[in-house]
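Undergrad: So the sequence shown is numbered by numbering that gives the first Met the number 0: it starts at 0 and just counts up by one.
For every residue, glycine included, the Cβ atom is placed at its ideal position computed from N, Cα and C.
No experiment lies behind these values; they were computed from the predicted model shown.
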Amino acid sequence: MRRDRLSVLRLCAVLALGVVAAGGLAPARAQQSASWEISDRVLNLGGRPQGGTTSGSASFSLTLESLGEPVVGAGLSSASYLLDASFAGTYPAPGEVRGVRFSDATTLGWDAERSAGTYNVYRDALSALTGGSYGTCWQQDIPSPSATDPDPVPAGTGRFYLVTAENRLAEEGTRGRDSAGASRTGTACP
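1) Taking DSSP's pairing of strands, which residues face residue 121 in a bridge?
2) Taking 6 Å as the limit between beta carbons, can you name the residues of its chain near residue 166, skipping five residues before and five after?
3) So, with DSSP's three-state summary, where would you put residue 127?
4) Around the C-beta of residue 122, are 16 or more other C-beta atoms found within 10 angstroms, so that it is buried, or is it exposed?
5) How is residue 193 classed by DSSP in three states: helix, strand or coil?
6) Only counting the same chain, and skipping five residues up and downstream in sequence, which positions put a Cβ closer than 7 Å to that of residue 106?
7) Relative to the C-alpha of residue 112, which residue among 135, 130, 138, 171 is closest?
8) Taking residue 143 as the reference, give the member of 109, 150, 103 with the closest Cα.
9) Which stretch, first to last residue, makes up the beta strand (DSSP E) that contains residue 147?
10) Can you give me the C-alpha to C-alpha distance between residue 120 and residue 134, rounded to a whole angstrom?
11) With a threshold of 6 Å on Cβ separation, who are the neighbours of residue 185 within its own chain once the five nearest residues in sequence on each side are excluded?
12) By how many angstroms is the C-alpha of residue 99 removed from the C-alpha of residue 187?
13) Looking at residue 173 and residue 95, is the spacing between their C-beta atoms short of 8 Å?
14) So, with DSSP's three-state summary, where would you put residue 191?
15) So which of 169, 151, 179, 164 has the shortest CA-CA distance to residue 124?
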C-alpha cells in the first residue's frame, strides 16, 4: 500500500510536469539543456524513509536546472515550482499514548496523541502481565481519547489497560516495552 502511494505521488509529479510543459510552452520541448530529477524514498514497515529522514510536509518542489530565453518569454518566470501533494495526505507514525487514567469509576481517559485517527484499548487481568502480554483487544476504533468500562472488577483481582493510537493510514502505534526492554507481544486489534 505504501509503495502504491509512492507510485501515485511519482505519477502526479510527472503529470504536473507534463501539464506545465503542455500549457503553451512548446519552446520548452526544444530546449536541449532542460532537465529535472524526481527522487523517491523507500519506506520501512513503520512508514518512515529507510534513510531515516522524515519530510514534514506533503509538498514537493520541482526545480528546472536551466531556463532558456524562449521558455522565460513563454510565461515561465521561475525555475522552481511547487507541487502540493496534500491530496495524498501525510500522517506521522503514531506515537505512544500517555496519561491513561480513570476519571471516575467507569470512564477511562488518556492524553490525545497528535497523529491519531482512532484509538484501540487492550485490557486484561493483572496476572497476564507476567507473560509479557499487553492484553486482548477490548475496544477498537474509538474516535476520541476516552472509553467507558462498566464491567466491575472481581474482588481480589485487578485489570490493566493499554491504549494505542492508529493513524488514518491504519498504522497502529507502539504498545510499549516490557521491563526487559523488549517490545510487548500479543495479538493486535483486527
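TA: On the basis of the supplied data:
1) 136, 161
2) 90, 93, 114, 116
3) helix
4) buried
5) Nothing in the structure corresponds to residue 193, since the chain is present only between 0 and 189.
6) 145, 147
7) The closest CA to that of residue 112, considering only 135, 130, 138, 171, is found on 171.
8) 109
9) 145 to 147
10) 9 Å
11) 132, 133
12) 19 Å
13) yes
14) The question about residue 191 has no answer here: the residues shown for the chain are numbered 0 through 189.
15) 151
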